[in-house]
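Here's the structure, in structure tokens; my notes come after.
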Amino acid sequence: MSKDALVARKNAREHQLRQVYATVEGYVPTYEDALNTLEKHLQLNMTPDAVGQWFDLYVRVVDLSVEIRRGEIRHRTERKFLYKSRTKTCRATATTNGLGIDDGNALINELDSIYKQLKKRKPMQLDTLESQLDILDRDTLGPLDKRISEVKRRLEGLQSAYYTSCSLIVHGDIHVELIIRQDSTVLLQKKRRCDDITTCSCPVDAAPWVNFMINPSTIPAKPTVQPKAVTVVPDVNLNDLKKSYGVDVEERERNLESFQNEVDYGVVIADETSSHCDAQLFPPSKRARRPPPEVSPIYDPPDNMNLSCPKTNAGIKQEHGDLIQVILATGITPTPSAGGAHCSVQYGDIVSWGSIPRKSRIQKVLDAVATTSMCIHTWTMHDMDVSVDEMTTFVDAITADSSALQPLAALNARSINFDPSKWAMPLHALTMLPALQHVDLSYNTLSGHGPAIEALLTQCTKLTSINLEQCGLRTVQNHVLAGLAACATAGQLKRLSLADNAFKRAFLVKLFQTLQGLELHMLNLRFVMEETDAYAPSEVDAMFEFDQLRVRHLHLDFSMLITDTSFLAALAKAVGHSSCGMETLEMPSWSNPLTEPWREVMNQVAAYGRIRRLNVRGLSCTPLSVWEDVLRSGVKQCVALEWTVSHVMAEVGRRR
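Residues in the sequence shown are numbered from 77 upward in steps of one, following my numbering.
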């Protein structure tokens, strides 16, 4: 090839490389918006139809990433393409624009060869362009591609009352299939609709992630409550058998319980005084239960029996003793740590109801507790279907000053299938429990019930643990703030979880001001979204101003607070304050904050030196010099450390 032809080819390839960088860089905001929308609409208890709509968006986001990576176009467009693909990574029949990351890498290699043939050095501008493309691929697009894999795993791991398993199977390059099953029955099987421009049925240049909403199905799916199998254990004392072989059964059980606590709560429980409260904010670990005794079929009471009328213990046993024995065996366990004659009710574990109507079941449990002469300390009904009749009976028992429920100290009602519009009824009833210390209402939609939430937090002055994770508090945040202010005044609060909610910036600023005077064992703000009203200048200009934050375990995983410069500046002051007693700092993120405020936070962590668990995975903006200080003096007591450094700093560290 002549020299003139080589020069012409060089100029053409350099121009195409510049177009590659400009095109890929322009895709980044769109790619981020699409991923944010995809993650936002992935929630618990989705119906199969909702998952199917989410799957259509997932496929489009994957196709967008393929277009950025390989330049392969799979959907209809009015754009005109001037370049052909420079790689073999695309399908033979695919339409390409020649402006993908792979095309850029191929162009760089080809330009190296051309300059060698011309016996010339590359100009500095071209070297800079190649470096910028490499950095864009590694530091920006790489983490975004990983988020697609993460969101796929999250979908397959989500729990729902409407199905038992969800699989997103990738058979090949374009063959993606969604399968949703209820046990062995396939409820939904869906594949991608568009393989290429010629078969695409989408609107021209569509951007489905813009204003994306999951539309409710015309025929709502019915949640399925899985019956729990009753295991009959033979009459063999397994512990005696273990002891005969020299096994220290008590020691093994203590070790297992400690390990399970660490897995469930993410922290090592050091002080025994708070061990009972620690087991309340998050789901309790599985406990061995006594097998139910062999009983005759459940007694069917006559229609004219008044189940709510007071009875003596002997009368209760005589009228429906068989059912009482089943309830006592499967759903009620003594709670010695509560002090006195107290018990815990696992309402969801009781499945042998037979023909007993739902409105009578709560009263049956209360009657069973009455036969034991104990009071209820903990009531748990996690992840189950609760009818309005059942909840009404529960509320009536509270408002009627039931002797069994008045000492109730802990209510666990995570993710129950209950009419969202009826939540005001139980929330107001809970205000009548003077001993209530722990309440877990996570994964329930409480939007529209602000006054009831405020009343609960204000009137229950002994609350030490509150879990309102993913409760849709965006529209009731003023009431939540007023209630938390009352809790702060009472001074009993130790654990607070507001994770996975969207709040205005002004709320978050006032929240940290409110929490300054409290000594919290744990504050959970994972996945918290920070919203700013552009039409309210006071909110935009609101600054985080807290000098101290007495929190032992702080969880900010993937929260937008991590990228807030004002928050990081205040957090640095709090870590450096003499009252700081922080042991856990969890701040993994997909986005890097500004270097200077983040540097100050890490400098204070290094100077503090008492962090036991530090997670800053994904935050690669920390300078190497700061990491040297952290590793030298800041993590002497650390037992768990997760961190990320950029490739450049890792190379510098190896050379040092």
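By construction, the Cβ of each residue, glycine as well, lies at the ideal position given by its N, Cα and C atoms.
Looking from the CA of W285, the closest CA among E186, P105 and N181 belongs to P105. The secondary-structure analysis by DSSP pairs D461 across a beta bridge with N493. Ranking K198, K440 and M467 by CA distance to the CA of V83 puts K198 first.
DSSP places Q193 inside the alpha helix (DSSP H), whose first and last residues are I177 to L194. Here the C-alpha atom of Q265 lies approximately 28 Å from the C-alpha atom of I144. Three or more beta-carbon pairs separated by less than 8 Å link the segment 176-183 to the segment 143-162, which places the two stretches in contact.
The beta carbon of T590 is closer than 8 Å to those of L557, L560, A561 and A564 in its chain, skipping five residues each way along the sequence. In the three-state reduction of the DSSP assignment, N554 falls in the helix class. When the Cα atoms are used, M467 and L503 turn out to be separated by approximately 11 Å. Within the segment 584-657, complete beta strand (DSSP E) segments of at least 3 residues are found at 596-600, 605-607 and 627-631, given in chain order. E530 and D472 have their C-alpha atoms roughly 21 Å apart. In this model, T99 and S667 are separated by some 22 Å (Cα to Cα). Taken in chain order, the unbroken stretches of beta strand (DSSP E) that lie wholly in the segment 670-727 and span 3 residues or more are 689-692 and 716-719. Of the residues N679, T671 and S642, the one whose Cα lies closest to the Cα of V651 is N679. Classified as buried, T172 has 16 or more neighbouring CB atoms from the shown chains inside 10 Å of its CB.
The alpha carbon of G567 has as its nearest neighbour, out of S573, Q553, C536 and W719, the alpha carbon of C536.
Excluding the 5 residues flanking it on each side, T540 has same chain C-beta neighbours closer than 8 Å at C353, Q513, H514, Q568, L569, K570 and R571, in chain order.
A distance below 8 Å between beta-carbons, with the five flanking residues on each side excluded, links G548 to the following residues of its chain, in chain order: T521, L522, S523 and N577. One thing to note: L690 has its Cβ within 8 Å of the Cβ of L661. Closest option to A283, judged by alpha-carbon separation, among H151, P496 and L231: H151. If you ignore the 5 residues before and after L231, its C-beta comes within less than 7 Å of the C-beta of L118, C242 and L244, all in its own chain and listed in chain order. Under the three-state reduction of DSSP, A578 is assigned to strand. The C-beta distance from K79 to L187 rounds to 16 Å, too long to fall under 8 Å, and the pair is not in contact. With a cutoff of 8 Å on beta-carbon distance, N543 and D516 are scored as near each other. Note on the segment 514-570: whole beta strand (DSSP E) runs with a minimum of 3 residues are 514-516 and 541-543, in chain order.
Under the DSSP assignment, P410 falls in the beta strand (DSSP E) whose first and last residues are I408 to P410. A buried status is given to R437, since no fewer than 16 other beta-carbon atoms sit within 10 Å of its beta-carbon. In the DSSP assignment, E90 falls within the unbroken alpha helix (DSSP H) covering K79 to K116.
The C-beta of H247 has fewer than 16 other C-beta atoms within 10 Å across all chains shown, which makes the residue exposed. It is roughly 15 Å from the alpha-carbon of G685 to the alpha-carbon of L647. Its chain contains S243, I245, V262 and Q265 as the residues whose beta carbon lies nearer than 7 Å to that of I255, once the 5 sequence neighbours on both sides are disregarded; these appear in chain order. No residue range can be given for I426, since it is assigned to no alpha helix (DSSP H) and is classified by DSSP as neither H nor E.
If only complete runs of 3 or more residues are kept, the segment 255-299 shows the beta strand (DSSP E) at 261-267, in order along the chain. C451 is not a Cβ neighbour of A405, given a cutoff of 8 Å.
When DSSP states are grouped into helix, strand and coil, H418 belongs to the strand group. Residues of the same chain with a CB within less than 6 Å of the CB of A716, apart from the 5 flanking positions on each side, are R689 in chain order.
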